[in-house]
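**Q** A single structure is presented below for examination.
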Amino acid sequence: MTTATQEAGAPLGAAPPSDAAIVTSGLTKRFRGGQVAVDALDLAVPRGSVYGFLGPNGSGKTTTIRMLLGLVAPTEGEHALLGLPLGQALPRVGALVEGPAFYPYLSGEANLRRFDAADPTATPATAKERIGEALERVGLSAAAGKRFRNYSLGMRQRLAIAAALLGPRELLILDEPTNGLDPQGTREVRALVKEIASGGTTVFVSSHLLAEVEQMCTHAAIMRAGRLVAQGTIASLSGGRATRIRVETPDPADAARVLGALGLADVRSDEHVSAELGGHAPEEVNAVLVREGVAVRGLAVVRPSLEDVFVGLTGEGFDVDG
Amino acid sequence: MSTAETTTGTEAATRTDRPRRTPGLVPVAETIGSAERHAPEPPPPGLPSPPRRPGAFWRLLGSELGLTFRRPRNLAMLAVVAAVPVVVGVALRMVGGGGDDEMSGLIASVAGNSLMLTFVSFSFLTLLLMPVAVAVVGGDSIAGEAGAGTLRYLLAAPAGRGRLLAVKFLNVVVYAYAVTAVVALSALLTGLVLFPVGDVTLLSGTTVSVTDGLLRIAVSVGYIGAGMAALGAVALALSTFTEVPIGAIAGAVVAVIVCQVLRAIPELAPLEPYLLPARFTGFDAVLRAPIDTGALLDGLAVFGAYTVLSLSVAWARFTGKDITS
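Chains as they are written, first to last, in numbering that gives the first Met the number 0: chain A, 0 to 321; chain B, 0 to 324.
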């Protein structure tokens, strides 16, 4: 009873609004037919973070983003962007939702003008300039006059990012921004996200690619089947699992014995010999191994990746290829 | 306290605490529709609050009209309705040139006066062709954006649902009047080229001056435009129910055709005054002397009722709809 009261009385969205770019509490979407796409989601996205929203396809990421942007009404729960009512928050938010969508018969530039006209706070006098800048940032200046119909997949994705950059933004919500991009385009998008974030803009980026989130983000949330499995800084997420030391050696049995004698936990001997590093310094372990006559060919400290975290949390592999 | 009681108590506590508002969070009920009217609660951190620009609505309407009137399909429909008076005029001229004594009253009146071609053209075109053109633009308005996915970006911009709907409606009104005006202009020009200009003999036999005749054409354009706009509103309402524009367009066109069929059934005559397409041809009231304003006002009342009803349905549907396209 006491526990229950505490839970119910606790503040719902941990961070106060001014510190958080996105807060949701108990956000739930049940579609007609009973399918629960998002289940009691409590997100807290700190301002200034690059926040990776990670999950396999179909885990409720896009539905969450649609709810954040007011496109889909939640069945239950609350959400806020930048601590403001939605209508006031949206002009400060650039969004890319479920891939690019534009008017095929208009040029890239005319498409951006169209979406700029839809923003009631945008200044028409500076539209040309802002559109030019946005196209420049995504490297589409040369194709500005080309019809959208004739854009390649990568160009379409870039135009969608340009549309999200039409005004000064405090928050960017990017749903799978590297979808359909070649490796070069992916690198460019990553660089762009870093550049935008360095200017103080919060970036909320959804992805089903673990490696991408690990490279780009300061924070991450992991979704699975509509539920939030974990969230926090990348370091704290990975910190939940132990760092291991891995020894490459022709004498695995000896190595395992030495590691065990050192007091390292969870000694495994498969391809390589490995164990949880715990509080030991790797060089110290190495010195002991050598002193005990174990031939050390290689020694590595393996920090847990998000994939390990995901597998550890869900007991399932991550559908990396989508 | 038994275990069962404890569980119930816990559930009750959780349930009663659910709807409580956390400061700064937007309650679900307010996120859609009413969020725009909401006053800012906390002082906004970061950038200063961007002001809503007074001309923003007109800018979006301008953008919408630009899309509508640059789209080849919409221009092609204007060209088609413009071509009909020319075809009718040439056909009547050829018939009239044959010196046939058994010409019908309508044909005779056109052959005798250039202005009459406008009314003849309207009486053909309001049956189906003009309604189809307006239904295409109205039916495409929301469904087309939804189907293409641009709707989600417009709303995230944020265009605002009520605002976007208002813009879409005004857009279809302008297109409805454009269609009507194009028919009138094309018919006038064709008439002037092919037939003599002079005093106009009305249906009631009275003769009025050319200026009076032009005025009557202007009144009929106003009347038919309002009727087409009402049909546009119906198509717009249908458009909020689907992501397939052709579905909304077909729905509106089928409704027009069904009404025309119903009109042809004598037993259903009491129904006729309430059918929207039945009122389109009511413009012939301007051909009476004096103009039958009663009939025109009746028609306008029907157009107004259809418009208000359709816009209410569209608003109710669109402001509460999940945009999943």
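Glycine included, every Cβ here is placed at the ideal spot set by N, Cα and C. All figures in this text were calculated on a predicted structure; none of them were measured in a lab.
Take residue 228 of chain B as the anchor and find which of B:280, B:127, B:316 and B:178 has the nearest alpha-carbon.
**A** Residue mapping note: residue 228 of chain B aligns to position 229 of the second sequence, counting from 1. When only C-alpha atoms are compared, the closest one is B:178.
**Q** Are the C-beta atoms of residue 228 of chain B and some chain A residue less than 7 Å apart?
**A** Here residue 228 of chain B refers to the residue found at position 229 when the second sequence is read from its first residue. For residue 228 of chain B, the answer is no, since every Cβ of chain A falls outside 7 Å of its Cβ.
**Q** Let me make sure I understand the geometry here. Which of B:270, B:164 and B:182 has the alpha-carbon closest to that of residue 315 of chain B?
**A** By one-based count along the second sequence, residue 315 of chain B stands at place 316. Taking only the C-alpha atoms, the option nearest residue 315 of chain B is B:164.
**Q** Which whole-angstrom value is the C-beta distance of residue 139 of chain A and residue 158 of chain A, which I expect to be below 8 Å?
**A** In the first sequence, residue 139 of chain A corresponds to position 140, counting from 1. In the first sequence, residue 158 of chain A corresponds to position 159, counting from 1. The Cβ separation is near 6 Å, so the contact holds.
**Q** For residue 123 of chain B, does the three-state DSSP call read helix, strand or coil?
**A** Within the second sequence, residue 123 of chain B is the residue found at index 124, counting from 1. When secondary structure is reduced to three states using DSSP, residue 123 of chain B falls in the helix class.
**Q** Looking at the unbroken alpha helix (DSSP H) that takes in residue 235 of chain B, where does it start and where does it end?
**A** Here residue 235 of chain B is taken as the residue at index 236 of the second sequence, counted from 1. Unbroken alpha helix (DSSP H) run through residue 235 of chain B: 209-238.
**Q** Under 6 Å Cβ to Cβ from residue 194 of chain B, same chain only, skipping five residues before and after it: list those, please.
**A** Position 195 of the second sequence, counted from the start, is the residue given in the question as residue 194 of chain B. Correct list, in chain order: 113.
**Q** Alpha carbon to alpha carbon, what distance is there between residue 287 of chain A and residue 306 of chain A?
**A** Counting from one through the first sequence, the residue named residue 306 of chain A turns up at place 307. Counting from one through the first sequence, the residue named residue 287 of chain A turns up at place 288. When rounded, the distance between both Cα atoms is 31 Å.
**Q** Using a Cβ-Cβ distance under 7 Å, would residue 133 of chain A count as near chain B?
**A** Walking along the first sequence from the start, residue 133 of chain A turns up at place 134. Chain B contact via Cβ: absent.
**Q** Hey, is residue 147 of chain A's beta-carbon within less than 7 Å of any beta-carbon in chain B?
**A** The count along the first sequence starts at 1 and reaches residue 147 of chain A at position 148. Against chain B, the CB of residue 147 of chain A has no partner CB under 7 Å away; the residue lies outside that interface.
**Q** What are the start and end residues of the alpha helix (DSSP H) that includes residue 160 of chain B?
**A** The residue you call residue 160 of chain B lines up with position 161 of the second sequence. Element bounds for residue 160 of chain B: 160-193.
**Q** Is there at least one Cβ from chain A nearer than 7 Å to residue 248 of chain B's Cβ?
**A** Position 249 of the second sequence, counting from 1, holds the residue named residue 248 of chain B. Among the residues facing chain A, residue 248 of chain B is not included, as its CB has no counterpart in that chain under 7 Å away.
**Q** Which partner residues does residue 50 of chain A have in the DSSP bridge list?
**A** As a working note, residue 50 of chain A is residue 51 in the first sequence. Residue 50 of chain A pairs with A:203 and A:218.
**Q** Alpha carbon to alpha carbon, how far is residue 55 of chain A from residue 303 of chain A?
**A** To locate residue 55 of chain A, count along the first sequence from 1; it is residue 56. To locate residue 303 of chain A, count along the first sequence from 1; it is residue 304. Answer to the nearest angstrom: the Cα atoms are 19 Å apart.
**Q** List, in chain order, every chain A residue whose beta-carbon is nearer than 8 Å to that of residue 62 of chain B.
**A** The sequence position of residue 62 of chain B within the second sequence is 63, counting from 1. Correct list: 112, 113, 116 and 117.
**Q** Looking only at C-alpha atoms, which of A:46, A:207, A:21 and A:266 sits nearest to residue 77 of chain A?
**A** As a position in the first sequence, residue 77 of chain A is number 78, starting the count at 1. If we check each option's Cα against that of residue 77 of chain A, A:21 comes out closest.
**Q** Please say whether residue 168 of chain B and residue 235 of chain B have beta carbons closer to each other than 7 Å?
**A** In the second sequence, residue 235 of chain B corresponds to position 236, counting from 1. In the second sequence, residue 168 of chain B corresponds to position 169, counting from 1. Contact: yes.
**Q** Measure the Cβ-Cβ separation of residue 62 of chain B and residue 146 of chain A and say whether it is below 7 Å.
**A** Numbered from 1 along the second sequence, position 63 holds the residue referred to as residue 62 of chain B. Numbered from 1 along the first sequence, position 147 holds the residue referred to as residue 146 of chain A. Not a contact, by the Cβ cut-off of 7 Å.
**Q** Taking the alpha-carbon positions, what's the residue 350 of chain A to residue 186 of chain A distance?
**A** The shown model of chain A, from 0 to 321, leaves out residue 350 of chain A, and the question about it has no answer.
**Q** Relative to the C-alpha of residue 277 of chain A, which candidate in A:270, A:299 and A:263 has its C-alpha closest?
**A** In the first sequence, the residue the question calls residue 277 of chain A occupies position 278. For residue 277 of chain A, the nearest C-alpha among the options comes from A:263.
**Q** Does the segment 213-232 of chain B come close enough to the segment 116-134 of chain B that 3 or more CB-CB pairs lie under 8 Å?
**A** yes
**Q** Looking at C-beta atoms only, is the number of pairs between the segment 148-166 of chain B and the segment 249-267 of chain B that lie closer than 8 Å three or more?
**A** The segment 148-166 of chain B is not in contact with the segment 249-267 of chain B.
**Q** Can you tell me which of B:149, B:170, B:50 and B:189 puts its alpha carbon nearest to the alpha carbon of residue 86 of chain B?
**A** Taking the first residue of the second sequence as 1, we reach residue 86 of chain B at position 87. The residue with the shortest Cα to Cα distance from residue 86 of chain B is B:189.
**Q** Within 7 Å of any Cβ in chain B, is that where the Cβ of residue 176 of chain A sits?
**A** The residue given as residue 176 of chain A occupies position 177 in the first sequence. Not one chain B Cβ lies under 7 Å of residue 176 of chain A.
**Q** Ignore the nearest five residues each way along the sequence and tell me which others in residue 29 of chain A's own chain have a CB closer than 7 Å to its CB.
**A** As a first step, residue 29 of chain A must be located in the first sequence, where it is residue number 30. Taken in chain order, the residues that qualify are 35 and 74.
**Q** Going along the chain, which residues of its own chain have a beta-carbon closer than 7 Å to the beta-carbon of residue 270 of chain B, five neighbours each way excluded?
**A** Within the second sequence, residue 270 of chain B is the residue found at index 271, counting from 1. Hits under 7 Å: 261.
**Q** Quick check on this structure: which residue in B:171, B:222, B:72 and B:263 has the alpha carbon closest to the alpha carbon of residue 121 of chain B?
**A** Counting from 1 along the second sequence, the entry for residue 121 of chain B is found at position 122. If we check each option's Cα against that of residue 121 of chain B, B:222 comes out closest.
**Q** From residue 149 of chain B to residue 117 of chain B, what does the alpha carbon distance come to, in whole angstroms?
**A** Start at 1 with the first residue of the second sequence, and residue 149 of chain B comes out as number 150. Start at 1 with the first residue of the second sequence, and residue 117 of chain B comes out as number 118. Approximately 39 Å between the Cα atoms of the pair.
**Q** I'd like the ranges of any alpha helix (DSSP H) spanning at least 4 consecutive residues and lying wholly in the segment 122-188 of chain A.
**A** The segment 122-188 of chain A contains these whole alpha helix (DSSP H) runs: 126-136 and 152-163.
**Q** Taking the alpha carbon of residue 177 of chain A as the point to measure from, which residue in A:218, A:96 and A:156 has its own alpha carbon closest?
**A** Working through the first sequence from its first residue, we reach residue 177 of chain A at position 178. Nearest of A:218, A:96 and A:156 to residue 177 of chain A, Cα basis: A:156.
**Q** Looking at chain A, is there any beta carbon in it that lies within less than 7 Å of the beta carbon of residue 321 of chain B?
**A** Position 322 of the second sequence, counted from the first residue, corresponds to residue 321 of chain B. Residue 321 of chain B counts as touching chain A.
**Q** Mapping the DSSP letters down to three states, classify residue 347 of chain B as helix, strand or coil.
**A** Absent from the model: residue 347 of chain B. The displayed extent of chain B is 0 to 324, so no value can be given.
**Q** Using only the alpha-carbon positions, how far apart do residue 223 of chain A and residue 230 of chain A sit?
**A** As a first step, residue 223 of chain A must be located in the first sequence, where it is residue number 224. As a first step, residue 230 of chain A must be located in the first sequence, where it is residue number 231. Spanning the two alpha carbons is a distance of roughly 12 Å.
**Q** Does the CB of residue 70 of chain A have a neighbour CB from chain B at under 7 Å?
**A** For the purposes of this step, residue 70 of chain A is taken as the residue at position 71 of the first sequence. For residue 70 of chain A, the answer is yes, since a Cβ of chain B falls inside 7 Å of its Cβ.
**Q** Kindly give me the distance between the Cβ atoms of residue 151 of chain B and residue 324 of chain B, rounded to whole angstroms, as I take these residues to be in contact under 8 Å.
**A** Counted from its first residue, the second sequence places residue 151 of chain B at position 152. Counted from its first residue, the second sequence places residue 324 of chain B at position 325. Between residue 324 of chain B and residue 151 of chain B the Cβ distance is about 7 Å, and since that is below 8 Å, they are a contact.
**Q** If you run the structure through DSSP and keep just helix, strand and coil, what is residue 270 of chain A?
**A** Here residue 270 of chain A corresponds to residue number 271 of the first sequence, with the count starting at 1. Residue state, collapsed to three classes: coil.
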